[in-house]
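Mapped onto this note's numbering, the consecutive letters of the sequence shown carry residue numbers 101 to 211.
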Amino acid sequence: MPVRGPTKPSSSEDEFFAKEDAEKKRRLTQQVTKELAADERKKLRDLHFMHCPKCGMKMQEVRLHGMDVEVCFACGGIFLDKGEIDIIAAPQQKGIMGAILNWFKDETKPG
Ligand SMILES: [Zn+2]
């Protein structure tokens with residue numbers, strides 16, 4: 101027994117407009133989703149920008165061998181931008197690690 105669904109278009113013209121309408125709604129939903137995601141991303145960036153990912157305190161920019169390295173003096177965390185780890189890890193740059201360790205030297209310890 102053939103079943104005629106309520107959404108089945110009665111003519112090719114109806115089918116065309118149904119398809120057109122669905123495509124319009126699909127594109128509208130895609131656009132809203134895209135805008136929401138961008139808005140959400142902006143909110144997150146505004147909320148967390150330059151804050152330590154571990155303790156949430158404001159990070160400080162410290163100039164180090166031509167790089168601006170973000171340092172959290174509250175918990176001792178360091179944030180490196182893309183490529184900065186390669187510069188610091190280069191064998192000819194072994195002095196940089198000493199400089200970084202110096203930032204967190206315990207001031208209460210003698211020497
Ligand atoms: Zn921190």
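C-beta: ideal position from N, C-alpha, C; glycine also.
Measuring from the CB of residue i, is there a heavy atom of ligand 1 at a distance below 8 Å?
| i | result |
| --- | --- |
| G176 | yes |
| G156 | yes |
| M159 | yes |
By Cβ distance, which residues of its chain are closer than 8 Å to residue i, with the 5 residues on each side in sequence left out?
| i | result |
| --- | --- |
| W203 | V162, V171 and F173 |
| A189 | none |
Please classify residue i: is it buried, with 16 or more other beta-carbons within 10 angstroms of its beta-carbon, or exposed?
| i | result |
| --- | --- |
| E185 | What sits at residue 185 in the sequence shown is Ile, not Glu. By the neighbour-count rule (16 or more Cβ atoms within 10 Å), I185 is not buried but exposed. |
| V132 | exposed |
Could you name the residues of the same chain whose beta carbon sits closer than 7 Å to that of residue i, not counting the 5 residues immediately before and after it, in chain order?
| i | result |
| --- | --- |
| C152 | M159, C172, A174, C175 and G177 |
Could you pull out every residue in the same chain whose Cβ sits closer than 6 Å to the Cβ of residue i, ignoring the five residues on either side in sequence?
| i | result |
| --- | --- |
| F117 | none |
| T240 | This structure does not reach residue 240, given that the chain is present from 101 up to 211, and the question cannot be answered. |
| F179 | E170 |
Report task. For the stretch 167–200, list the beta strand (DSSP E) runs that are entirely contained and at least 3 residues long, ordered along the chain. Result -> Here the runs fully enclosed are 167–171.
Any chance you could list the alpha helix (DSSP H) runs of at least 4 consecutive residues sitting entirely within the stretch 117–158, in chain order? You should have found no qualifying run.
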